[in-house]
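Before any comments, here is the structure.
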Amino acid sequence: MFRRPAPSSAPLPAVPSTPRPVAVRAVSRAAPRAVVAALLVVGLAAVPVLAAPAPAQAAGPSWQQVLDARGSEQAKEAALADIQVALEAASTRAADAQAAADEAGAALTEAQLAVDEATGEYETVKQKAEAARADADAAQVVVGQAAALLARPGSGGLTGDLLSSGAGAEDVLRDLSMSTKIGQNLSTLRDRAVSAENLATSLADQAEVALAERDALADEASDALDDAVAASDAAQRDVAAVDEEKATLAAQAAALQDDRLSLEQAYASAQAQAAADAAAAAAAARAAAAAAAPAPARGGGGSRPAGPGSPGTSVPDPGTGWVAGIRSYSSYQAYGYRVHPITGAYKLHAGADFGASCGTPIYSVAAGTVTYAGAAGGYGNLIIVDHGNGISSAYGHMERSGIYVANGQSVSAGQNIAGVGTAGGSTGCHLHLEIRRGGIATDPVAFLATKGVR
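The sequence shown runs 1 to 454 under the working numbering.
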């Protein structure tokens, strides 16, 4: 027979929950210890803030119910079972929120790819239109020259000029033949000039249509970015709330497992465990990044690239405030059309690729604000930094753990914002760097060269 302990005089932890009867379930005597172990391993991924409310749905028992259940082994086991159900529900909510963010990120990628494809089509039609315009202008010049030759002022026109030129008979006959041919072909030349003009006009119209379509798709991509940012922010909030709820559930489980603990001690113990787990995870991430980073070149006097735990910087050009996105790399693939290494499609490669060991620091090319940092379909994960005046930079293929900035964060030129990865549509560790003007991709290396970055 278990006696109910006297109520504690200390205030209960401020974790709101709607009291409800604790259902009695058939749970083995080993269940309390197993549930506590599962909660301590799975549920303590982050240090919670006690005062923030957990999500309302599928909440575990209230702290008052936990206190009451300590007086009955049967009620204790039922409360622990409730905690396990709440833990599973919380994990599902966190996974669903992240899945929604991933889906929005994938939609952003598809929208951006549509812009890039439309950009390529526009550039192709524009080049054809420019070439056709040059041909049409040249045709008009030829027609004008031919007409001028046949209508030169003087006594006998071109024929009279030739006969009075004093040239030899053979030269005169040759030139008269040419004059006749010019006259005969003038109509043909005019027809060709008209055709060239019509083609130039048609291609110019097509280019205008392609430009309008590109700009419309760019607007859609901007909306997709807004949606992705909103979904990412919502996922971060939901995951943080779930982590807090898990810590609360772990504290409740600890309080049920050990009657000697006050509720405040149980919660403090859960917080300490969460902090220890978070510190261990961060240390492991730093160690992994350091192990993956390339060693410095011999005799170069350089230092090992900074890892995520020690952000580091790359010195910007003092005149422009711009810097390279990566300090060193082993391979390079330029901006422009190429055969995609995975899909085999011939399409615009809207950025430049820099092959480097996973974990190699990635730097913001200029000061700005992070507009997006999260999942993005084929990019794997993507960081977009807005530098103002319609110019943005983007960095792709990092692992999720290799993103060191968050949405809305201000960054400086040369700040270490990520580590090289191979997430998404990637064949190996590399940085995919983009520069966009008004959402339209441009050659990042050529752009940075204009800023003094070599």
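The beta-carbon is built from N, C-alpha and C at its ideal position, and this holds for glycine as well.
Cβ neighbour criterion (16 or more within 10 Å) applied to residue i
i    : result
D223 : exposed
R436 : buried
A280 : exposed
S28  : Caution is warranted here: a pLDDT of 39 is assigned to S28, below 50, making its placement in the model unreliable, and no coordinate value can be reported.
A104 : buried
S357 : buried
Q399 : Note on identity: in this sequence residue 399 is Glu, with Gln being the wrong assignment. Per the 10 Å Cβ criterion, buried.
Q98  : buried
A207 : buried
R70  : buried
E434 : buried
Y346 : exposed
G396 : buried
G390 : exposed
R454 : exposed
R214 : buried
N198 : exposed
H340 : exposed
G408 : exposed
A136 : buried
Opposing strand residues paired with residue i [DSSP bridges]
i    : result
K347 : R338
L433 : A352, Y395
Residue i (DSSP reduced to helix, strand or coil)
i    : result
A204 : helix
T320 : coil
Q409 : coil
V365 : coil
A441 : strand
V209 : helix
V370 : strand
S232 : helix
A423 : coil
G360 : First, the residue type needs correcting, since residue 360 is Thr and not Gly in the sequence shown. If DSSP states are grouped into helix, strand and coil, T360 belongs with coil.
S459 : Absent from the structure is residue 459, since the part of the chain shown begins at 1 and ends at 454.
V239 : helix
G428 : coil
A194 : Per the sequence shown, residue 194 should be read as Val rather than Ala. In the structure shown, V194 sits in a helix (DSSP, three-state: H, G or I).
R214 : helix
Segment limits, alpha helix (DSSP H) that includes residue i
i    : result
G144 : 73-150
P444 : 444-450
Element boundaries [beta strand (DSSP E), containing residue i]
i    : result
S330 : Neither: S330 is in no beta strand (DSSP E) and is coded neither H nor E.
I326 : Run containing I326: none; DSSP gives neither H nor E here.
G466 : No statement about residue 466 is possible, as the shown extent of the chain runs from 1 to 454 and does not include it.
Residue ranges of each beta strand (DSSP E) within the segment 372-407, 3 or longer: 381-386, 391-396
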